[in-house]
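**Q** Going by my numbering, the sequence shown opens with residue 1376, and the numbers climb by one from there. Structure provided below as C-alpha cells; questions to follow.
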Amino acid sequence: MKKEQVVNCQFSVWYPIFKKHTIKSLILPLPQNVIDYLLDDGTLVVSGRYQTTHTHTHTHTHTHTHTHTHTWSDDETTTTVTAPEFPEFTSKVLEAINSLGGRVFPKLNWSAPRDANWIALNSSLQCRSLSDIFLLFKSSDFITHDLTQPFLQCSDQDSPDPVINYELVLRKWSELIPGGEFRCFVKENKLIAISPRDYTQYYQHILKQEEQISQAIQDFFSQHIQYNFLDEDFVFDVYRDSQGRVWLIDLNPFGEVTDSLLFTWGELTSGEVAEQQVSHCILYVPYCNTLWSLNECSVCLWTCAGRPGVPLHHQRGDGATQPLSELQNSTGLC
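Following this line, the structure appears as C-alpha cells:
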C-alpha cells in the first residue's frame, strides 16, 4: 500500500466520481483551530460552559495505644472549564445538517468514529449538532489516527508525506440493515472477494437470495466502479437495499489499514483468493459456524467471503479490528 493510494481513498477524492451511486453528503473544510481542539487531550468539553465540582473530603482516624488521634480533611475544590467556541464553523455545520434532513453520519477524510459509539446517546453515530460530532470525534482512536498517522502502514515510508487538507464529511442519515452491507476487495481491477460486514450474524435473507445478491454486487462493480477509480487495487463497501439496488458506501485502501474481515491480507495479496471465482470464494454455513468449499457441502449456502474449511472464529487477519454489528458502519441513503 502506497501513500498515493491512501490519498486517493479520501472521501473528497472519490465522492465526485461516484456521487450518483452513493449517499448524499456534504464536505466542509476543517479549520486548524478545530483540529487542534480535537487533538487536545484535556478535559472533554464539547460545547458551552461546563462546570465540575470535585469535593475531596478525606477523614482518616488512626488510634494508637496512647489514644492519639489524627484527623484531617481537604477543602472543597471547584474547577471551571470553558469549551472553545467556533461560531463560523458551527453555523456552517448546522446549515449542512439541516440541508441533509437534520440527522447526519459524520466522518473525516477516511474514518468514521465507529469505535466511539459507546459514548453516544443510544450508542448511535447519528448526529444532530456539532456537539454530537465533537463528542464522538474526541472519543475516537480512528479519528486520531486520521489526524496524526494516516500513512502509518504504507510501504513507501521514505517518501515525504503528502499534504492533507482535513475535512468534515456529513452524510445523510437513514437506517440500514446490517445484513445488507458487504465489503468487496479489488486487485488489478478485478473483484476477487466479497465479505459481509457483519459476518458474525446469520441473516436468512442472504441465504435465500444468494444468487441475486452476488450478481447484483458484481454487476454494480462492472458497470459503475471497475476502471473508474484512480487505483487498480482498492476495497469498497456496498449496501443492497430491499429493492435490490446497490449503493456505494465507502472506498478504502487495499492494505492492512483496512479490516480484511473473513480473509487474511496474505491471502488477498498473494493471489490465492483471486484464483477462485468470486461467487464461489466463500460459503457461509450458519448452522455450524464453519466455512466450506462449494464441493464440500450440498447445503444451499450463501457465497460471500472467506476460506473453505476453517472455523468462523479463525476467519480473520492478524491485527484486524473487531467489526461492528451496528449499522453505524455506514450512513443513510439519499
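Using N, Cα and C, we set each Cβ at its ideal position, and we do this for glycine too.
Would you mind working out which of Leu1582, Thr1519, Gln1618, Phe1604 sits nearest isoleucine 1410, comparing C-alpha positions?
**A** Nearest of Leu1582, Thr1519, Gln1618, Phe1604 to isoleucine 1410, Cα basis: Thr1519.
**Q** Does serine 1400 pass the burial test, meaning 16 or more other C-beta atoms within 10 Å, or should it be called exposed?
**A** Answer is buried; the Cβ neighbour count reaches 16.
**Q** Determine the extent of the alpha helix (DSSP H) in which aspartate 1411 is found, giving its start and end residues.
**A** That run of the alpha helix (DSSP H) goes 1407 to 1414.
**Q** Could you give the DSSP three-state label for alanine 1568: helix, strand or coil?
**A** Note: alanine 1568 maps to strand in three-state DSSP.
**Q** To which residues of the same chain is glycine 1555 closer than 7 Å at the C-beta, ignoring the five residues directly before and after it?
**A** Cβ within range, chain order: Tyr1614, Arg1615, Asp1616.
**Q** Where in the stretch 1515 to 1576 do unbroken runs of the alpha helix (DSSP H), each at least 4 residues long, occur, reported from the N-terminal end onward?
**A** Listed in chain order, the complete alpha helix (DSSP H) runs (minimum 4 residues) inside the stretch 1515 to 1576 are 1516 to 1523.
**Q** Quick one: grab the DSSP three-state call for asparagine 1603.
**A** Of the three classes helix, strand and coil, the one that applies to asparagine 1603 here is coil, per DSSP.
**Q** For glycine 1694, collect the residues of the same chain with a Cβ closer than 8 Å to its Cβ; drop the 5 residues on either side in sequence, then sort them by chain order.
**A** Note on glycine 1694: pLDDT 37, under 50, position unreliable in the model; no value is reported.
**Q** Note down, in chain order, each residue of its chain lying with its Cβ closer than 6 Å to the Cβ of leucine 1543, except the 5 sequence neighbours on either side.
**A** So the list reads Leu1403, Leu1405, once near-sequence residues are dropped.
**Q** With a Cβ-Cβ cutoff of 9 Å, do proline 1525 and valine 1381 count as a contact?
**A** In this structure, valine 1381 lies closer than 9 Å to proline 1525 by Cβ.
**Q** Between which residues of its own chain and arginine 1558 is the CB-CB distance below 6 Å, once the five residues before and five after are set aside?
**A** For arginine 1558, where only same-chain residues beyond five positions count, the Cβ hits under 6 Å are Ser1570, Arg1572, Asp1612, Leu1636.
**Q** For lysine 1713 and proline 1628, I'd like the C-alpha separation in whole angstroms.
**A** Summary: the structure shown does not reach residue 1713, with the chain confined to residues 1376 through 1709, and so no result is reported for it.
**Q** So the candidates are Asp1625, Ser1645, Gln1618, Asp1606; which of them puts its Cα closest to the Cα of aspartate 1383?
**A** The sequence shown places asparagine at residue 1383, rather than the aspartate named in the question. Asparagine 1383 has its Cα closest to that of Asp1606, out of Asp1625, Ser1645, Gln1618, Asp1606.
**Q** Where does serine 1400 sit, in a helix, a strand or coil, going by DSSP?
**A** Three-state DSSP puts serine 1400 in a strand.
**Q** Expressed to the nearest angstrom, what Euclidean distance is found between the alpha-carbon atoms of aspartate 1718 and phenylalanine 1512?
**A** The chain is shown only over 1376 to 1709; residue 1718 falls outside these bounds and no answer can be derived.
**Q** Closer than 6 Å by C-beta to valine 1468: which residues in its own chain qualify, once you throw out the five before and the five after it? Chain order, please.
**A** Counting only Cβ-Cβ distances below 6 Å, and skipping sequence neighbours, we find Leu1505.
**Q** By DSSP's criteria, phenylalanine 1609 is part of a beta bridge. Which residues make up the other side?
**A** BP columns for phenylalanine 1609 point to Val1561, Pro1628.
**Q** Tell me which residues share the same chain as tyrosine 1602 and place their Cβ nearer than 8 Å to its Cβ, disregarding the 5 neighbours each side in the sequence.
**A** Asn1564, listed in sequence order.
**Q** Comparing the C-beta of glutamine 1601 with each C-beta of chain D, is any distance below 9 Å?
**A** This model lacks chain D altogether, as it is built from one protein chain only.
**Q** Which residue from Phe1604, Ala1591, Val1621, His1580 puts its Cα closest to that of phenylalanine 1386?
**A** Minimum Cα distance to phenylalanine 1386 is reached at Phe1604.
**Q** Where does phenylalanine 1480 fall in DSSP's three states?
**A** Residue state, collapsed to three classes: strand.
**Q** Taking leucine 1545 as the reference, which of Asp1531, Phe1517, Asp1507, Asp1516 has the closest Cα?
**A** That would be Asp1507, whose Cα lies nearest to the Cα of leucine 1545.
**Q** Considering only DSSP beta bridges, list what tryptophan 1622 is partnered with.
**A** The partner list for tryptophan 1622 (beta bridge, DSSP) reads Tyr1614.
**Q** List the endpoints of the continuous alpha helix (DSSP H) containing threonine 1465.
**A** Start and end: 1462 to 1474.
**Q** Can you tell me whether threonine 1440 is buried or exposed? The criterion is at least 16 other CB atoms within 10 Å of its CB, across all chains shown.
**A** In this prediction, threonine 1440 has a pLDDT of 41, which is less than 50 and means its spatial position is unreliable; what the coordinates show is noted afterwards. Exposed, because fewer than 16 other Cβ atoms sit within 10 Å of the Cβ of threonine 1440.
**Q** Specify, as a first and last residue, the run of the alpha helix (DSSP H) that threonine 1644 falls within.
**A** Note, threonine 1644: alpha helix (DSSP H), 1640 to 1645.
**Q** Taking 9 Å as the cut-off, decide whether the C-beta atoms of valine 1561 and valine 1610 are in contact.
**A** Cβ atoms of valine 1561 and valine 1610: closer than 9 Å.
**Q** How should threonine 1633 be labelled, buried or exposed, when 16 other C-beta atoms within 10 angstroms of its C-beta is the threshold for buried?
**A** Per the 10 Å Cβ criterion, buried.
**Q** Using C-beta distances below 8 Å, list every residue in its chain close to tryptophan 1485, excluding the 5 sequence neighbours before and after it, in chain order.
**A** Same-chain partners within the cutoff: Val1381, Cys1384, Gln1385, Phe1386, Asp1521, Pro1525, Asn1627.
**Q** Would you kindly report the start and end of the unbroken alpha helix (DSSP H) that includes asparagine 1492?
**A** Taken as a continuous stretch (DSSP letters only), asparagine 1492 belongs to no alpha helix (DSSP H), as it is neither H nor E.
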